[in-house]
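Colleague: Below is one structure. I have some questions about it.
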């Protein structure tokens, strides 16, 4: 760790500790910080916000899991102060909204999940081209040659594949379709990537809104496949669904475990620019999991009052403090903390809020 990073951490930890014991003046009205957006990020807010409010008086925080696109749009329009998103703003959005920041608060991942009774435990192997083929309708059966070739010795059934996609403006769409774009040239030249996608019409395909609905749809649809934010790992396990091993850029098959997520982020994280808009998808390295991403909050540098700005800075600084308590929060939703380089950049961006 750099000396600068350690100095920044000590300062922020001290400031967060002081803020925890400061009470609002008698009769002071609460400041309300409003948030909406990513359903992948929502489970983290569900556990951190109640604890934050226990030790920080004079502030209220409301959260809502909608989707990443809604989070961005409502933040940019001023409907909420914090827009949660698995996707960073596009170049066009940045040009049109120069006062807005994309601030990573954690690192997450996405699992490729399937429901194939009898084969949900062995962790089937899949790669980008096979998954792209499923979502374009080119691959329709589980025993298709492309899938059999990836899973030698596995008795795959002659069963229809039901691709399930996110029908909302989802950051999960953004991450998933980036993986297909980077790994599969035919997808790059046709569908491409984004939070909203013109999904190919595949007979039997299903569209859902939100990660919880994705898990439910997969659970109730034998033969289905979909993509689910890693913060829903407990739900995936409870539904007894299978999680695929994915072929990474180095040609290795890996599961979305903590070490593989850390490796995926480490392979690209050092390249993170000051505005922190960077994809971590399909990073190099034998152990790198290929569906890794920053979890962003989209906020304006210009707030309605110094008091609101201070409350927002205080909350976001507390959210990324590299403490044992915050590490526990992240572990509970299967996220990993920001590495030192990214933490410093996020801290610097938070300090721009006024």
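In the working numbering, the protein residues as written are -10 to 343. Idealized CB from N, CA, C, for every residue including glycine. Model, not experiment: these values are computed from the prediction.
By a C-beta neighbour count over all protein chains shown, 10 Å radius and 16 as the cutoff for buried, is residue 157 buried or exposed?
Modeller: Position 168 of the chain shown, counted from the start, is the residue given in the question as residue 157. With 16 or more other Cβ atoms within 10 Å, it is buried.
Colleague: On a CA-only basis, which of 104, 276, 25 is nearest residue 64? Give me that one, please.
Modeller: Here residue 64 refers to the residue found at position 75 when the chain shown is read from its first residue. The shortest CA-to-CA distance from residue 64 to any of 104, 276, 25 is the one to 25.
Colleague: Here's the rule: buried if 16 or more other CB atoms are within 10 angstroms of the residue's CB, otherwise exposed. What is residue 303?
Modeller: Taking the chain shown and counting its residues from 1, the one referred to as residue 303 is at position 314. Buried is the call here.
Colleague: State buried or exposed for residue 180, treating a residue as buried only when at least 16 other CB atoms are found within 10 Å of its CB.
Modeller: As a position in the chain shown, residue 180 is number 191, starting the count at 1. Result: buried.
Colleague: Which whole-angstrom value describes the C-beta separation of residue 36 and residue 321, a residue pair presumed to lie in contact below a C-beta threshold of 8 Å?
Modeller: The residue you call residue 36 lines up with position 47 of the chain shown. The residue you call residue 321 lines up with position 332 of the chain shown. Contact flag correct, Cβ pair sits at about 6 Å.
Colleague: Looking only at its own chain, which residues have a Cβ that is under 8 Å from the Cβ of residue 300, when we skip the five neighbours before and after it?
Modeller: By 1-based counting over the chain shown, the position of residue 300 is 311. 20, 22, 47, 48.
Colleague: Find out if the Cβ-Cβ distance for the pair residue 115, residue 136 is shorter than 9 Å.
Modeller: Against the chain shown, residue 115 aligns to sequence position 126. Against the chain shown, residue 136 aligns to sequence position 147. Yes.
Colleague: According to the neighbour-count rule (16 or more other Cβ atoms, all chains shown, within 10 Å of its Cβ), is residue 66 buried or exposed?
Modeller: What you label residue 66 is simply residue 77 of the chain shown in a count that begins at 1. Classification for residue 66: exposed.
Colleague: Looking at C-beta atoms only, is the number of pairs between the segment 174 to 194 and the segment 233 to 240 that lie closer than 8 Å three or more?
Modeller: no
Colleague: Tell me the start and end of each unbroken beta strand (DSSP E) in the segment 62 to 105 that is at least 3 residues and wholly inside, in chain order.
Modeller: Taken in chain order, the whole beta strand (DSSP E) runs of length 3 or more contained in the segment 62 to 105 are 71 to 74, 89 to 103.
Colleague: Note down, one range per segment and in chain order, each alpha helix (DSSP H) of at least 4 residues found wholly within the segment 141 to 203.
Modeller: 160 to 172, 174 to 178
Colleague: Any contact of the segment 91 to 107 with the segment 202 to 222, i.e. 3+ C-beta pairs under 8 Å?
Modeller: yes
Colleague: Ends of the alpha helix (DSSP H) at residue 338?
Modeller: Position 349 of the chain shown, counted from the first residue, corresponds to residue 338. Unbroken alpha helix (DSSP H) run through residue 338: 329 to 339.
Colleague: Quick test of your reading: residue 113 and residue 143, contact by CB under 8 Å. State the CB separation rounded to the nearest angstrom.
Modeller: As a position in the chain shown, residue 113 is number 124, starting the count at 1. As a position in the chain shown, residue 143 is number 154, starting the count at 1. So it is a contact: roughly 7 Å between Cβ atoms.
Colleague: When we look at the beta-carbon of residue 175 and count the other beta-carbons within 10 Å, is it buried (16 or more) or exposed?
Modeller: In the chain shown, residue 175 corresponds to position 186, counting from 1. Exposed.
Colleague: Going by C-alpha to C-alpha distance, which of 50, 326, 164, 205 sits closest to residue 297?
Modeller: Locating residue 297 in the chain shown gives position 308, where the first residue counts as 1. It is 50.
Colleague: Between 333, 340, 224, which has its C-alpha nearest residue 290's C-alpha?
Modeller: Translated into the one-based positions of the chain shown, residue 290 becomes position 301. Per the Cα distances, 340.
Colleague: Please go through the same chain and pick out, in chain order, the residues whose beta-carbon is closer than 7 Å to the beta-carbon of residue 334, but skip the five residues on each side of it.
Modeller: For the purposes of this step, residue 334 is identified with residue 345 of the chain shown, where counting begins at 1. For residue 334, where only same-chain residues beyond five positions count, the Cβ hits under 7 Å are 261, 263, 265.
Colleague: Can you tell me the Cα-Cα spacing of residue 191 and residue 150, whole angstroms?
Modeller: Translated into the one-based positions of the chain shown, residue 191 becomes position 202. Translated into the one-based positions of the chain shown, residue 150 becomes position 161. Each residue's alpha carbon lies about 10 Å from the other.
Colleague: Would you please state the rounded distance, in angstroms, between the beta carbons of residue 314 and residue 279? I believe it to be under 8 Å.
Modeller: Taking the chain shown and counting its residues from 1, one reaches residue 314 at position 325. Taking the chain shown and counting its residues from 1, one reaches residue 279 at position 290. Actually they are not in contact, since the Cβ atoms of residue 314 and residue 279 sit about 30 Å apart, beyond 8 Å.
Colleague: Am I right that residue 281 and residue 342 are in contact with their C-beta atoms under 8 Å? What's the rounded C-beta distance?
Modeller: Stepping through the chain shown from its first residue, residue 281 is reached at position 292. Stepping through the chain shown from its first residue, residue 342 is reached at position 353. Incorrect: roughly 27 Å between the Cβ atoms, too far for contact.
Colleague: Taking the alpha carbon of residue 95 as the reference point, which residue from 56, 29, 131, 111 has its own alpha carbon closest?
Modeller: Counting from 1 along the chain shown, the entry for residue 95 is found at position 106. Comparing Cα positions, the closest option is 29.
Colleague: Going by the beta-carbon positions, is the gap between residue 196 and residue 56 smaller than 9 Å?
Modeller: As a working note, residue 196 is residue 207 in the chain shown. As a working note, residue 56 is residue 67 in the chain shown. No; because the gap between Cβ atoms is not below 9 Å, this pair is not in contact.
Colleague: Going by CA-CA distance only, name the one from 250, 268, 193, 284 that's closest to residue 123.
Modeller: The sequence position of residue 123 within the chain shown is 134, counting from 1. Of 250, 268, 193, 284, the residue nearest in Cα terms is 193.
Colleague: Just the Cα atoms here: how many angstroms apart are residue 138 and residue 87?
Modeller: Within the chain shown, numbered from 1, the residue matching residue 138 stands at position 149. Within the chain shown, numbered from 1, the residue matching residue 87 stands at position 98. Spanning the two alpha carbons is a distance of roughly 49 Å.
Colleague: Taking 9 Å as the threshold (C-beta atoms), are residue 167 and residue 211 in contact?
Modeller: Mapped onto the chain shown, residue 211 falls at position 222. Mapped onto the chain shown, residue 167 falls at position 178. Not a contact, by the Cβ cut-off of 9 Å.
Colleague: Thinking C-beta only, is residue 286 closer than 9 Å to residue 53?
Modeller: Translated into the one-based positions of the chain shown, residue 53 becomes position 64. Translated into the one-based positions of the chain shown, residue 286 becomes position 297. Cβ atoms of residue 53 and residue 286: not closer than 9 Å.
Colleague: Return helix, strand or coil for residue 214, following the three-state DSSP convention.
Modeller: For this step, residue 214 is matched to residue 225 along the chain shown. If DSSP states are grouped into helix, strand and coil, residue 214 belongs with the strands.
Colleague: Please say whether residue 257 and residue 267 have beta carbons closer to each other than 9 Å?
Modeller: For this step, residue 267 is matched to residue 278 along the chain shown. For this step, residue 257 is matched to residue 268 along the chain shown. Yes; because the gap between Cβ atoms is below 9 Å, this pair is in contact.
Colleague: According to DSSP, residue 22 sits in a beta bridge with which residue or residues?
Modeller: In the chain shown, counting from the first residue as 1, residue 22 sits at position 33. Its beta-bridge partners are 50.
Colleague: Taking C-beta to C-beta, are residue 189 and residue 125 nearer than 9 Å?
Modeller: Here residue 189 refers to the residue found at position 200 when the chain shown is read from its first residue. Here residue 125 refers to the residue found at position 136 when the chain shown is read from its first residue. Yes.
Colleague: Quick check: what's the CA-CA separation for residue 76 versus residue 208?
Modeller: For the purposes of this step, residue 76 is taken as the residue at position 87 of the chain shown. For the purposes of this step, residue 208 is taken as the residue at position 219 of the chain shown. Using only the alpha carbons, I get a separation of about 26 Å.
Colleague: Would DSSP call residue 229 helix, strand or coil?
Modeller: Against the chain shown, residue 229 aligns to sequence position 240. In this structure, residue 229 counts as coil in the three-state DSSP scheme.
Colleague: Alpha carbon to alpha carbon, what distance is there between residue 162 and residue 79?
Modeller: Along the chain shown, one-based indexing puts residue 79 at 90. Along the chain shown, one-based indexing puts residue 162 at 173. If you take the alpha carbons of residue 79 and residue 162, they lie about 15 Å apart.
Colleague: Spatial neighbours of residue 215 within its chain, please: C-beta separation below 6 Å, excluding the five flanking residues on both sides.
Modeller: Stepping through the chain shown from its first residue, residue 215 is reached at position 226. So the qualifying residues of the chain are 102, 153, 203, 207.
Colleague: Would you grab the beta carbon distance between residue 325 and residue 254 for me? Rounded to a whole angstrom, and I think it's under 8 Å.
Modeller: On the chain shown, position 336 is the one that residue 325 refers to. On the chain shown, position 265 is the one that residue 254 refers to. Confirmed, Cβ separation roughly 7 Å.
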